[in-house]
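**Q** Quick note, the sequence shown lines up with residues 1 to 62 if you use this note's numbering.
The beta carbon of each residue, even a glycine, is placed where N, CA and C say it ideally should be.
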Amino acid sequence: MRGKADLEKNYIMEQLEIAKECLFQARTLKEAKFWQEKIAYLSSLLKKKSLNIKKVKQNYAR
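(1) Using only the alpha-carbon positions, how far apart do Leu29 and Ile12 sit?
(2) Note the first and the last residue of the continuous alpha helix (DSSP H) segment covering Gln15.
(3) Thinking just about the alpha-carbon of each residue, which of Tyr41, Asn52, Ala19 is nearest to the one in Glu31?
(4) Please check the pair Gln36 and Leu23, which I expect to be a contact at CB under 8 angstroms, by giving their CB distance rounded to whole angstroms.
(5) Would the beta-carbon of Lys9 fall within 9 angstroms of that of Leu42?
This is the structure we're talking about:
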């Protein structure tokens, strides 16, 4: 289970790095806004995954 969570987290982090690079290379405001929204979404997803992993670790510790 933990391996799957780590894979998902790594994938999200990889996509986040790609989105950041695309934001810096954006040529229009519309394109930049799209990448900003995607970065915000991926960041919130990553935060949610990190919190879920911490909860699982706490449950196993009990």
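**A** Considering the structure as presented:
(1) 24 angstroms
(2) 2-24 is the span of the alpha helix (DSSP H), which, as asked, contains Gln15.
(3) Ala19
(4) Rounded, the Cβ-Cβ distance is 6 angstroms, consistent with contact.
(5) no
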